[in-house]
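Asker: Take a look at the following structure, please.
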Amino acid sequence: MRLVTHIGLAIAIGAVVGRVGAAQTPAQQKTDSARPQTPAADSQLENELSRAQNQRGVTVRFPRFDQFTLGDRTVAAGSTVPTSVAVARGTLDLYGTVNGDAVALDGDIHLHPGARVTGDAVAIAGRVIVDGGTVLGEMRSLAGNGAVTGTGLQFSRQPRTTLESVKLAIGWFAVLAILGIGVMIFSEHNLDGVAVALEQGFGRAFWIGFAGQLLLLPVLLLLVSALAITVIGVLLVPFAIVAYVIAAAGLLTLGFLAVARIVGAALSYDSGSASPRGVHVRSLLGGLVIFAILWVVAAAFSWNPLAGGALRALAIAVTWVAATLGLGGALVSRAGTHRDSIHGDALTTGDYLAWQTPTPVAGVSAARRART
5 MRLVTHIGLA
15 IAIGAVVGRV
25 GAAQTPAQQK
35 TDSARPQTPA
45 ADSQLENELS
55 RAQNQRGVTV
65 RFPRFDQFTL
75 GDRTVAAGST
85 VPTSVAVARG
95 TLDLYGTVNG
105 DAVALDGDIH
115 LHPGARVTGD
125 AVAIAGRVIV
135 DGGTVLGEMR
145 SLAGNGAVTG
155 TGLQFSRQPR
165 TTLESVKLAI
175 GWFAVLAILG
185 IGVMIFSEHN
195 LDGVAVALEQ
205 GFGRAFWIGF
215 AGQLLLLPVL
225 LLLVSALAIT
235 VIGVLLVPFA
245 IVAYVIAAAG
255 LLTLGFLAVA
265 RIVGAALSYD
275 SGSASPRGVH
285 VRSLLGGLVI
295 FAILWVVAAA
305 FSWNPLAGGA
315 LRALAIAVTW
325 VAATLGLGGA
335 LVSRAGTHRD
345 SIHGDALTTG
355 DYLAWQTPTP
365 VAGVSAARRA
375 RT
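According to the working numbering, the residues represented by the sequence shown are 5 to 376, in order.
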């Protein structure tokens with residue numbers, strides 16, 4: 005019985021000691037990881053450091069080989085290292101501040117959000133990954149032979165938060181609203197022309213807009229090729245490209261605003277007390293709000309990959325259809341300047357003069373005036 009009691013007591017003591025040892029292990033490992041562990045005599049690493057130091061055109065400062073620590077190292081958030089940090093055959097994860105240079109030999113340097121390096125960040129046979137950190141000096145990535153390589157530098161960012169996505173959608177709505185008001189002030193006639201073209205044939209406008217989207221790049225290439233034939237044309241190629249892009253963007257924006265105005269007019273109620281321009285402005289802003297709601301709802305569910313992806317796909321599809329319709333209407337009406345030739349339904353002279361006479365120009369003839 006005593007033997008059983010002693011064995012049970014020993015097991016209990018061993019369990020307690022084991023837990024204490026396990027609890028102390030991470031702290032001990034953390035303390036040990038902070039101690040500088042210089043790499044053993046490694047001729048390959050030392051030769052790589054020597055070649056990087058002697059490479060022509062490289063002006064960054066390198067620490068001595070015995071100042072490197074072997075393996076991964078982390079500078080915790082909120083902490084500050086007063087000197088340069090150098091690791092060999094490991095990743096240098098920076099969350100805090102390094103008052104000096106950050107060097108990785110045969111490894112990567114990863115600057116996380118909040119990290120700050122007052123000197124240079126140099127990775128030899130590795131990459132410098134900037135993920136929200138700040139480097140006041142140079143960022144260099146050197147191949148194992150000391151040659152500078154631009155592919156080693158890698159910039160990444162954290163995914164956009166839900167609030168940032170919602171703000172972005174609202175910002176785009178504000179930009180379109182400002183553009184729409186500007187168009188209503190300076191080019192209302194053109195906007196009316198595109199709207200008339202859309203109302204006379206949505207199907208025709210859609211397919212013309214779809215064809216226009218497919219031909220945007222080929223037409224640009226054809227324009228550049230035609231200008232490149234002559235010496236003077238070659239000089240005009242950059243200006244032609246810029247003008248072409250601006251014209252295409254203008255047609256697309258004008259058409260989308262016309263679609264938004266039609267949608268807003270269809271879903272709004274006209275009391276008859278407002279002026280025609282006021283009705284058009286209200287319809288335009290109402291249509292833009294409807295499109296903006298789609299994107300704001302999709303952005304609000306960006307935290308959910310399934311629902312956010314489905315809503316984003318719906319918003320993209322609806323916006324693309326509206327943009328295609330608008331582009332087709334803008335092309336058919338020639339940016340709203342040729343409303344009379346749309347669809348072959350030109351207004352006749354009698355239609356223009358019908359409102360000016362008490363009797364119709366065509367149809368029942370007017371009575372002859374009696375002679376006096």
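Glycine included, every Cβ here is placed at the ideal spot set by N, Cα and C.
It should be emphasised that the depicted structure is a prediction, and the values quoted were computed from it without experimental measurement.
#1: Using the Cβ count rule (16 or more neighbours within 10 Å means buried), how would you classify G75?
#2: Just to confirm my understanding: we take T361, look at its own chain, exclude 5 residues before and 5 after, and list those with CB closer than 6 Å. What are they?
#3: What is the residue span of the alpha helix (DSSP H) that D97 lies within?
#4: Rounded to a whole number of angstroms, what is the C-alpha to C-alpha distance between L292 and L195?
#5: If you draw a straight line from the alpha carbon of I185 to that of V134, how long is it in whole angstroms?
#6: Restricting to Cα atoms, I'd like to know which of F260, G118, S88 is closest to A125.
#7: Looking at the strands, I want to know which residues DSSP matches up with A127.
#8: Considering just the uninterrupted stretch of the alpha helix (DSSP H) at L292, what are its terminal residues?
#9: Tell me whether G175 is buried or exposed, calling it buried when 16 or more other Cβ atoms sit within 10 Å of its Cβ.
#10: Residues bridged to H114 by DSSP?
#11: For T84, count the other beta carbons within 10 Å of its own beta carbon; 16 or more makes it buried, fewer makes it exposed. Which is it?
#12: Within its chain, find whatever has a CB closer than 8 Å to the CB of V228; leave out the 5 residues flanking it on each side and keep chain order.
#13: Hey, how far is the Cα of S191 from the Cα of L98?
#14: Examine the Cβ distances between the segment 228–237 and the segment 304–313 and report whether three or more of them are shorter than 8 Å.
#15: Would you report the Cα separation of I297 and A321, rounded to the nearest angstrom?
#16: For the candidate residues G290, A319, R286, S287, whose alpha-carbon lies nearest to that of V377?
#17: Leaving out five residues on either side along the sequence, give the residues of the same chain with a beta carbon under 6 Å from the beta carbon of N103.
#18: Pull up the distance between the alpha-carbon of A317 and that of L329, whole angstroms please.
#19: Output the distance between the C-alpha atoms of Q71 and V107, rounded to the nearest integer angstrom.
#20: Within 10 angstroms of its Cβ, does S279 collect 16 or more other Cβ (buried), or is it exposed?
#21: DSSP puts V121 in a beta bridge; with which residues?
#22: Among the candidates L140, A339, R144, whose CA atom is the shortest distance from the CA of F260?
#23: What do you get for T165, buried or exposed, if any count of 16 or more other CB atoms within 10 angstroms of its CB means buried?
#24: Hey, quick one: how far does the beta strand (DSSP E) through T78 stretch, first residue to last?
#25: In the DSSP assignment, find the unbroken alpha helix (DSSP H) run with G90 in it and report its ends.
#26: For V139 and F69, what's the separation of their Cα atoms in angstroms?
#27: Taking the alpha helix (DSSP H) that F214 falls in, what are its first and last residues?
#28: Look at the Cβ atom of A253, then the Cβ atom of V336, and state whether they are nearer than 8 Å.
#29: Quick one: grab the DSSP three-state call for T84.
#30: Within the same chain, show all residues whose beta-carbon is closer than 7 Å to that of S272, passing over the 5 residues directly before and after it, in chain order.
#31: Between R265 and A314, what straight-line distance do the alpha-carbon atoms span, to the nearest angstrom?
#32: Could you tell me whether the Cβ atoms of G333 and A262 are closer together than 8 Å?
#33: Residues in the same chain with beta-carbon distance under 6 Å from A81, minus the five sequence neighbours each way, listed in chain order, please.
#34: Thinking just about the alpha-carbon of each residue, which of A178, H193, I128 is nearest to the one in F295?
#35: Taking 7 Å as the limit between beta carbons, can you name the residues of its chain near S306, skipping five residues before and five after?
Answerer: If we stick to the structure as given:
#1: One-based indexing of the sequence shown puts residue 75 at position 71. Per the 10 Å Cβ criterion, exposed.
#2: Residue numbering aside, residue 361 sits at position 357 when the sequence shown is read from its first letter. The predicted model places T361 with a pLDDT of 47, which falls under 50 and marks its position as unreliable; any figure quoted below should be read in that light. Nothing meets the Cβ criterion.
#3: Position 93 of the sequence shown, counted from the start, is the residue given in the question as residue 97. Taken as a continuous stretch (DSSP letters only), D97 belongs to no alpha helix (DSSP H), being part of the beta strand (DSSP E) at 96–98.
#4: Position 288 of the sequence shown holds residue 292. Position 191 of the sequence shown holds residue 195. Approximately 15 Å between the Cα atoms of the pair.
#5: Taking the first residue of the sequence shown as 1, we reach residue 185 at position 181. Taking the first residue of the sequence shown as 1, we reach residue 134 at position 130. About 41 Å.
#6: For this step, residue 125 is matched to residue 121 along the sequence shown. Of F260, G118, S88, the residue nearest in Cα terms is S88.
#7: For this step, residue 127 is matched to residue 123 along the sequence shown. Paired residues: A108, S145.
#8: By 1-based counting over the sequence shown, the position of residue 292 is 288. Element bounds for L292: 280–304.
#9: Here residue 175 corresponds to residue number 171 of the sequence shown, with the count starting at 1. Burial call: exposed.
#10: Position 110 of the sequence shown, counting from 1, holds the residue named residue 114. Beta-bridge pairing links H114 to D97, I133.
#11: Within the sequence shown, residue 84 is the residue found at index 80, counting from 1. Exposed, because fewer than 16 other Cβ atoms sit within 10 Å of the Cβ of T84.
#12: For the purposes of this step, residue 228 is identified with residue 224 of the sequence shown, where counting begins at 1. The answer, listed in chain order, is V241, A244, I245.
#13: Translated into the one-based positions of the sequence shown, residue 191 becomes position 187. Translated into the one-based positions of the sequence shown, residue 98 becomes position 94. Computed Cα separation, rounded: 54 Å.
#14: no
#15: Locating residue 297 in the sequence shown gives position 293, counting from the first residue. Locating residue 321 in the sequence shown gives position 317, counting from the first residue. Using only the alpha carbons, I get a separation of about 14 Å.
#16: The displayed coordinates of the chain run from 5 to 376. Any statement about residue 377 would go beyond what the structure contains.
#17: To locate residue 103, count along the sequence shown from 1; it is residue 99. For N103, where only same-chain residues beyond five positions count, the Cβ hits under 6 Å are P86, T122.
#18: Counting from 1 along the sequence shown, the entry for residue 317 is found at position 313. Counting from 1 along the sequence shown, the entry for residue 329 is found at position 325. Distance between the alpha carbons of A317 and L329: 18 Å.
#19: If you number the sequence shown from 1, residue 71 lands on position 67. If you number the sequence shown from 1, residue 107 lands on position 103. Computed Cα separation, rounded: 11 Å.
#20: Numbered from 1 along the sequence shown, position 275 holds the residue referred to as residue 279. Result: exposed.
#21: Counting from 1 along the sequence shown, the entry for residue 121 is found at position 117. For V121, which the question treats as bridged, DSSP gives the partners V102, V139.
#22: For this step, residue 260 is matched to residue 256 along the sequence shown. Comparing Cα positions, the closest option is A339.
#23: On the sequence shown, position 161 is the one that residue 165 refers to. Burial call: exposed.
#24: For the purposes of this step, residue 78 is taken as residue 74 along the sequence shown, with counting starting at 1. From DSSP, the beta strand (DSSP E) with T78 extends over 77–79.
#25: For the purposes of this step, residue 90 is taken as residue 86 along the sequence shown, with counting starting at 1. Reading off the sequence, residue 90 comes out as Ala, not Gly. Element bounds for A90: not the alpha helix (DSSP H) but the beta strand (DSSP E), 89–92.
#26: Position 135 of the sequence shown, counted from the first residue, corresponds to residue 139. Position 65 of the sequence shown, counted from the first residue, corresponds to residue 69. Between V139 and F69, the C-alpha separation is close to 23 Å.
#27: For the purposes of this step, residue 214 is taken as residue 210 along the sequence shown, with counting starting at 1. Note, F214: alpha helix (DSSP H), 206–231.
#28: In the sequence shown, counting from the first residue as 1, residue 253 sits at position 249. In the sequence shown, counting from the first residue as 1, residue 336 sits at position 332. No, they are not a contact pair.
#29: One-based indexing of the sequence shown puts residue 84 at position 80. Reduced to three states, the DSSP call for T84 is strand.
#30: If you number the sequence shown from 1, residue 272 lands on position 268. So the qualifying residues of the chain are R286, S287, G290.
#31: Here the question's residue 265 lines up with position 261 in the sequence shown. Here the question's residue 314 lines up with position 310 in the sequence shown. Going from the Cα of R265 to the Cα of A314 covers about 26 Å.
#32: Position 329 of the sequence shown, counted from the first residue, corresponds to residue 333. Position 258 of the sequence shown, counted from the first residue, corresponds to residue 262. Cβ atoms of G333 and A262: closer than 8 Å.
#33: Residue numbering aside, residue 81 sits at position 77 when the sequence shown is read from its first letter. The residues are Y99, G100, G118.
#34: Stepping through the sequence shown from its first residue, residue 295 is reached at position 291. The shortest C-alpha separation from F295 is found at A178.
#35: Stepping through the sequence shown from its first residue, residue 306 is reached at position 302. Closer than 7 Å at the Cβ level, and outside the excluded window around S306, lie T166, S169, G312.
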